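**Student:** Top to bottom, those sequences are chains H and E.
If you're matching positions, the first sequence starts at 261 in this note's numbering and goes up one per residue.
If you're matching positions, the second sequence starts at 3 in this note's numbering and goes up one per residue.
Each residue gets a CB set at the ideal place from its N, CA and C atoms; glycine is no exception.
Just so we're clear, the structure is a prediction, and the values are computed from it rather than from any experiment.
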Amino acid sequence: MSAWFIALLQALLCVALAPLLVGWVRRVKARLQNRRGAPLLQPYADLHKLMIKETRVAHTASPLFRVAPYIVFVAIWLACATVPLIALDLPTAGIADIIVLVGLLALGRFFLALAGMDVGTAFGGMGASREMLISALAEPALLMAVFTLAMTAHSTSLVGVMEHHLTDGFLLRPSYLFAFGALVLVALAECGRIPVDNPSTHLELTMVHEAMLLEYTGRHLALMEWAAWIKLLLYGVLIVNVFLPWGIATVFTPAALALGLIAVVVKLALLGAALALGETLMAKMRLFRVPGFLNLALLLGLLGLLSHVILEVGA
Amino acid sequence: MSDSPLVLALSSLWLALGSSAISLLAGREPRLLRLAAVPLLGLAGTAALVAGLWTLIAETNASAILPLGLPWLPWHVRLDPLSGVFLVLIGLVTGAVGLYGRDYVRHFEGGRESLITLGGFSGLFLAGMLLVVLADDAFVFMIAWEVMSLSSYFLVAFQHEQAANRRAAFLYLLMAHVGGLAILLGFGVLAAFGGGFDFASMRAAELTPLWAGVAFALAFLGFGMKAGLAPLHAWLPEAHPVAPSHISALMSGVMLKVAVYGFIRVVLDLNGEVHWSWGVTLIAVGGLSALVGVLFALVQTDLKRLLAYSSVENLGIVFIALGLALLFQSTGHPNLAALALVAALYHALNHALFKSLLFLGAGAILHSTHERDLDQMGGLLRRMPWTGSFFLIGCLSISALPPFNGFVSEWLIFQSALQAWNLESGVLRSLVPIASAVLALTGALVAATFVKVYGIAFLGQARSRHVRRARPSPKGMWAGQGVLAALCVLFGVLPTQILGLLDPVAEQLLGTGVPQAGANGWLWLTPISAETASYSAPLTILLLALIAGAAIWWFKRRASWRVRRCDPWDCGFAAPTPRMQYSAASFAQPIRRVFALLFLIDEGQEQGADGVTRYRLRIADRARGWLYLPVARAVDSSARQVARLQSGSVRLYLGWTLVTLLVLLWVIS
């Protein structure tokens, strides 16, 4: 019973922490660019503002437009809730393994793209078309990276992968390095970060993710934005906890859980700072350069998998 | 008692033939088609479904000898778990088509096409498919196979007044017979070793490895061609879309699966020992089909053609899974082979459900708007809410999204591919992951394809006047779609039960099943063990619903629940018109550009007769030019050579006959 309680707590923690991570990245980015930047808690204020504002919907929108924000939010939240954040071995981990997690993210993206096309303006369709291009190339790369981990651990469950990594100690496997590279590139693409997409652009012709949200207001927009932030958190947790799981709680004592929380917050803060640094140094690339970027990710993923099956299984 | 399922299955055969017979009267009384023939089809489907389920649950084997056929070769029929699964598949789809067809065939009444052709050949088509699945000797199998192929030819050629339809039908006929020939030769090899045409003696035969390989190659060529595998797929997207929509559903949803049945029967049941290279061949061809199918589906603008291409892709996935099964079986891992086989069967069942659902949806759109071109559609969700909702479920299922059915089968295929580390050979170990990369790419492209289909057809604004005035389809039509949509959800949410039903097939063919899949209770699907992988579809859908419900409840408590309608964002310029929306072609353009090498693209501008310049985009299939046209040309020119014999003189004909007789007598003496 206490395990289910901790799982619930962890799921709520994902939702609560996501705006903080975004605020942190924005803050660090602003400082790196010699701006003062918004306060750390600004995303919470933004969400609150959007929630209490009136929600408007275009005349041309169908019922799907109003349902989509809930589905997107819930699918991404559920995906995030199955990732071990502060503790391993939670019962929620058995609901979904890594492939189901990728599937849940795809479910969210499917409805996001449909919602973009619903109102019938050119921008929505453009955003949806580009999003599906990016995801079509990113998803196989993500799965390849994930399969490398899964084949090493002989398990597609995230808990299995992390436990295997914990008991194995810190071994520098070539396959893990490749998988890590692939996962980072995919995360940049899937979360709509520079150099693939710019989360703070509002120039219509360059938008991908924002173009699909163009018609949303009020609580619908709040849910969509929040979902995107949770997705960023999810990828962050995936990267830090899969490759560096140390610190995560393996027993459900308050001390271990507190340590797990502190560990993951520190790791995410470092990762967020690295992301901000990268976004400051790089420029957004043209849309048709993105396939090359993602092919690199796919290649890294495949190399990881091949180096695993050739070098590490036989040895 | 154990014969009862077989009796039921045979009675469904008679019902199908009865439907065909009643249609002969439809020329005089058109209503008979709608009131008697189509409901009988549905009834036949239901009987087949019950017979199949009975076999699977009771795990019975029943065989019988029918008093038909040649004196020394009576007709053998048999109903075992493998046949049972495919009877269930045929039954589910045909039952829904029976519901749907009643209202759909109504608009052919008073049309120029012959109702006798439609009803008569529909019944024969179903009877042929049922008999293929029940056949227990090569003779019955081939007769049923030809009945199925020929009657579906007449259904493809149903609206024969358009030249394109006649061409498609001819291509189909040609392909069906080349494939049929390969199957016949394959049976010939097996019969030569077994000493008889019945499957029992073929099963007992010991083939030398070389001849086993020949039999496999012939079966793969014949059945693979019928299943529409690349690069021999070019007939499929021509033939399937031009039949009436409920028949397209049967052809794509069911007939392709009958080819899968034939392949499994010959290779895993009759042929005995399997070689690992067969598995590799299947994985390679399946991967190619999956990728080619989805990429061509993505660039289509004709809805039914798009769905037909997507069938190529799904059959590719089924064959990847079958390839994994052969690979694991030949390297001595029967339990993993069982998992892959069950995944293949599961995907075949799922594809039958969602592809029929989508074809019926396309038919409903055709019925209401007379439109197949995606670029004329838009906003249909508001005009046809039921069709729109069911079509959405079909799109979600085919895109392999949890918690729908397509996801479960693809998940199982991934799980069996991830067991490749068990293989001893390093080459095979690295080949299987590449296959799973192809599968992953395919899955993501399918999602893009169906976002396009749904977004263009059902969302946005209508792109033409007749679509803007579309009327909801009649009740019977959406009831048929509703049944299939409910089954898609059911097959997605209760995977352990479905696996339990498919298990006897694996036990029958491979000697071992997948008992561990449901070992942790019905909530948890654990294909290998709970530590390796688990998925709980019921809990996924429960949590999704709970959280969404909580969010809605939370917002609803607040005063501002009502939304205000306003105009969409127009950048401060003119209000957006429907023509400004992204079209089907523009949606696919980025992906088309990335994979440009595969397509033969003809893009440019052309001046219409009315003096208006229009954008022109034609995308052709390379396989058609490379493989099909040469064969068609060869057949044409050899027919012309043979035609020289036909001088018109009776004496010369008699002379030919005499010479032939003499030669034949000399040969057999």
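Report the neighbours of P459(H) on chain E: residues whose CB is nearer than 7 Å to its CB, in chain order.
**Tutor:** The contacting residues do not exist; P459(H) stays about 19 Å from chain E at best.
**Student:** Quick check on A347(H): does DSSP put it in helix, strand or coil?
**Tutor:** strand
**Student:** Quick one: is V107(E) near chain H, going by C-beta distance under 7 Å?
**Tutor:** no
**Student:** Whose CA, out of L152(E), Y106(E) and W280(E), lies closest to the CA of A219(E)?
**Tutor:** W280(E)
**Student:** Since F222(E) contacts F265(E) with CB under 8 Å, what's their CB separation in whole angstroms?
**Tutor:** 7 Å
**Student:** Restricting to Cα atoms, I'd like to know which of K558(E), F601(E), L504(E) and R307(E) is closest to W237(E).
**Tutor:** R307(E)
**Student:** Name the chain E residues that come within less than 8 Å of A335(H), Cβ to Cβ?
**Tutor:** L546
**Student:** So the beta strand (DSSP E) H1(E) belongs to, where does it begin and stop?
**Tutor:** The displayed coordinates of chain E run from 3 to 671. Any statement about residue 1(E) would go beyond what the structure contains.
**Student:** For A543(H), which of M484(H), S322(H) and S460(H) has the nearest alpha-carbon?
**Tutor:** S460(H)
**Student:** Taking Cβ to Cβ, would you say A482(H) is nearer than 7 Å to L307(H)?
**Tutor:** yes
**Student:** Using 7 Å as the limit for Cβ to Cβ distance, is L400(H) near chain E?
**Tutor:** Looking at the sequence provided, one finds Pro at residue 400(H) rather than Leu. Interface residue, yes.
**Student:** Using a C-beta cutoff of 7 Å, does V379(H) count as contacting chain E?
**Tutor:** Yes, its Cβ sits closer than 7 Å to a Cβ of chain E.
**Student:** What's the C-alpha gap between L563(H) and T451(E)?
**Tutor:** 28 Å
**Student:** Starting from the C-beta of I670(E), find all residues in its chain whose C-beta is less than 8 Å away, skip the five residues before and the five after it, and write them out in chain order.
**Tutor:** none
**Student:** Leaving aside the five residues before and after M3(E) along the sequence, list all residues of the same chain whose C-beta is less than 7 Å from its C-beta, in chain order.
**Tutor:** In this predicted model, M3(E) has a pLDDT of only 49, less than 50, meaning its place in the structure is not dependable; the value taken from the coordinates is given anyway. For M3(E), where only same-chain residues beyond five positions count, there are no Cβ hits under 7 Å.
**Student:** Going by the DSSP bridge assignment, what does H78(E) pair with across the sheet?
**Tutor:** I67(E)
**Student:** Cβ closer than 7 Å: which chain H residues qualify as neighbours of G462(E)?
**Tutor:** M377, D378 and G380
**Student:** What residues of chain C sit near D357(H), judged by a beta carbon separation below 8 Å?
**Tutor:** Among the protein chains of the structure shown, namely H and E, there is no chain C.
**Student:** Could you please give me the residues that DSSP links to A53(E) through a beta bridge?
**Tutor:** Looking at the DSSP assignment, A53(E) forms no beta bridge with any residue, so it has no partner.
**Student:** Using a Cβ cut-off of 9 Å, pull out every chain E residue sitting near H319(H), in sequence order please.
**Tutor:** R567, C568, D569 and P570
**Student:** Helix, strand or coil for G462(E)? Go by DSSP, reduced to three states.
**Tutor:** coil
**Student:** Provide the residue(s) that pair with V526(H) in DSSP beta bridges, ordered along the chain.
**Tutor:** For V526(H), DSSP records no beta bridge to any residue.
**Student:** Any idea what DSSP makes of D638(E), helix, strand or coil?
**Tutor:** helix
**Student:** Answer yes or no: does any C-beta atom of chain E fall closer than 7 Å to that of T427(H)?
**Tutor:** no
**Student:** Beta-carbon separation of G457(E) and L374(H) under 7 Å?
**Tutor:** Yes. Within cutoff.
**Student:** Can you check whether the C-beta of M582(E) is within less than 7 Å of a C-beta belonging to chain H?
**Tutor:** Chain H, which has a Cβ nearer than 7 Å to the Cβ of M582(E), makes this yes.
**Student:** How would you call G20(E), buried or exposed, if buried means at least 16 neighbouring beta carbons within 10 angstroms?
**Tutor:** buried
**Student:** Determine the contact status of A28(E) and G103(E), defining contact as a CB-CB distance below 7 Å.
**Tutor:** no
**Student:** Is the shortest distance between the beta-carbon of G20(E) and the beta-carbons of chain H less than 7 Å?
**Tutor:** no
**Student:** Across which residues does DSSP place T615(E) in a beta bridge pair?
**Tutor:** Q609(E)
**Student:** Counting only runs of 4+ residues fully inside the region 304-385 of chain E, write out the alpha helix (DSSP H) ranges in chain order.
**Tutor:** 305-332, 336-371 and 382-385
**Student:** Hey, how far is the Cα of L269(H) from the Cα of A341(H)?
**Tutor:** 10 Å
**Student:** Nearest chain E C-beta to P551(H) closer than 7 Å, yes or no?
**Tutor:** yes
**Student:** Taking only the alpha-carbon atoms, compute the straight-line gap between A18(E) and L128(E) and give it to the nearest angstrom.
**Tutor:** 6 Å
**Student:** Taking Cβ-Cβ distances shorter than 9 Å, what residues in chain H pair up with T542(E)?
**Tutor:** L338, I355, A356, V360 and L364
**Student:** Go ahead and label D357(H) buried or exposed: buried means 16 or more other beta carbons lie within 10 angstroms of its beta carbon, across all protein chains shown.
**Tutor:** buried
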